Structure formats: structure tokens, C-alpha cells
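J.:
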Amino acid sequence: MTKTVLVTGSRGLVGRRLCASLRDDGFWVKELDLQCLGESLGDVTRQADIDAAIQGCAGVVHLAAVSRVVWGQRDPDLCWLTNVTGLQNLIKAALAQSSKPWILFSSSREVYGQTSSLPVVETAALNPLNVYARSKAEGERLVLEARSHGLQSAVVRLSNVYGCTKDHADRVIPAFAGLPLKACPCA
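In terms of our numbering, the sequence shown has 1130 at position 107, counting the first letter as 1, and numbering is strictly consecutive.
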């Protein structure tokens, strides 16, 4: 029997690639995203959308988020609503299923804040310094709490995700990659 996986944020940079890869590996994929050729595939902030999407799913990869620090600073209420309330809706829906799906939650290295030593180990203390980072730290807490209710879950902390999308020109990877073209020292 083919397993079904729900991917929230399915039309984002990571979500698009993940959905394609899951399908290539034989999974059925349900998508939930605000943007799909001008129409919504669902909204994590609406409980009814999550409840409908999660039906029959063996697992969920939760990527839907206000996904940049600067966007969180511009609209902190939307950041919290999407990143925290959206996850709460997902956990509530998962716990209501007779066969509880696993959840993989996409967090961020931003939960560590400024660190004095590198590399940062996974067990380092969290020190979220902005609303985006606080929303991700709260998401991690919610996911860990859900484990005590029988939900299998894991957290991944992404850092400097890059790819070929139009909004990445001001990010660190393109900036570093462009230094040789500008004849600038990399140090």
C-alpha cells in the first residue's frame, strides 16, 4: 500500500523539490500551500483546511511558514499566526486521527541567536533574538510536547537554504558566490 504524505508549504523552495522527490520514491503526496498558480491549496491558519488535508496521511512534513527573519519583523502578527498557530492546528488535527501521522517540523538555526563558538551543536542553548526565531523555538516546544501525547515527531533546523528562486539575491550563499566576480576578498 502506498503511503500518503502531506507537505505544507508545498510550493516553496524546499517544498517543491521535496514533493517531486517523494513522488519519485512512490509516495502519494497531498499539498497544502497558499500559492498554487494564483489559487490556494489550503491555509495552515485555518483548522478546517488542515483537518481535511491530513485525512489518510501517514506523515506530515511541515514547511509552511513565514520563512525569513525580515518578513517576520515586517509583520510579527502574521509570523506568529502562520508559524505557531498553523503548527498548533496541525498538531491538533494529527492527534485527532485514529492512526496518528508522524510530523517532521522545519525549524531554523535562528533559534540559537548569536553564538560565540562554531560549529553550533544541536544541544546548544536556544536564544531566539527576533519574532521569527521565537516562533520557531515555540514550534519546537510544541512538537516536543506533542510527543507526550503519542505523536511521533522530529525537528530539523535549516540554515541558509538556497536555490533558483527570484527572492534569494540578497541572501548569504549568492553573496558569497558573487564575491569572486567582484574581485573582493572572501575574508
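C-beta: ideal position from N, C-alpha, C; glycine also.
Treat the numbers as computed from the prediction; the structure is a model and nothing was measured.
#1: Taking a contact to mean a Cβ-Cβ separation below 8 Å, would you say valine 1134 touches glutamine 1096 in this structure?
#2: Verify whether the separation of the beta carbon atoms of valine 1084 and leucine 1041 is less than 8 Å.
#3: What do you get for arginine 1164, buried or exposed, if any count of 16 or more other CB atoms within 10 angstroms of its CB means buried?
#4: Mapping the DSSP letters down to three states, classify lysine 1026 as helix, strand or coil.
#5: Measuring only the C-alpha atoms, how far is glycine 1065 from aspartate 1072?
#6: Quick one: which unbroken beta strand (DSSP E) runs of 3-plus residues sit fully inside the stretch 1107–1144? Chain order, please.
#7: Within 10 angstroms of the Cβ of threonine 1146, are there 16 or more other Cβ atoms? Answer buried if so, exposed if not.
#8: Can you give the beta carbon distance from serine 1140 to arginine 1180, rounded, assuming they're within the 8 Å contact cut?
#9: Quick one, are the C-beta atoms of leucine 1029 and alanine 1076 less than 8 Å apart?
#10: Just grab the DSSP bridge partners of serine 1176 for me.
#11: Going by DSSP in three states, valine 1067 sits in which element: helix, strand or coil?
#12: For arginine 1034 and alanine 1148, what's the separation of their Cα atoms in angstroms?
#13: Using three-state DSSP, classify threonine 1031 as helix, strand or coil.
#14: Excluding sequence positions up to five away, which residues of its chain have a Cβ less than 6 Å from the Cβ of leucine 1152?
#15: Please decide whether alanine 1156 counts as near chain C, where near means a Cβ-Cβ distance under 8 Å.
#16: Which value, in whole angstroms, describes the spacing of the CA atoms of threonine 1105 and valine 1089?
#17: If you count every other CB in all the chains shown that lies within 10 Å of the CB of proline 1124, and 16 or more means buried, which is it?
T.: The answer reads as follows:
#1: no
#2: Against a cut-off of 8 Å, the Cβ pair of leucine 1041 and valine 1084 comes out as a contact.
#3: exposed
#4: Here lysine 1026 sits in coil by DSSP.
#5: 6 Å
#6: 1125–1131
#7: exposed
#8: With a Cβ gap of about 17 Å, serine 1140 and arginine 1180 do not count as contacting.
#9: yes
#10: Ile1126
#11: coil
#12: 32 Å
#13: strand
#14: Correct list, in chain order: Gly1136.
#15: The structure shown has no chain C; it contains just one protein chain.
#16: 6 Å
#17: buried
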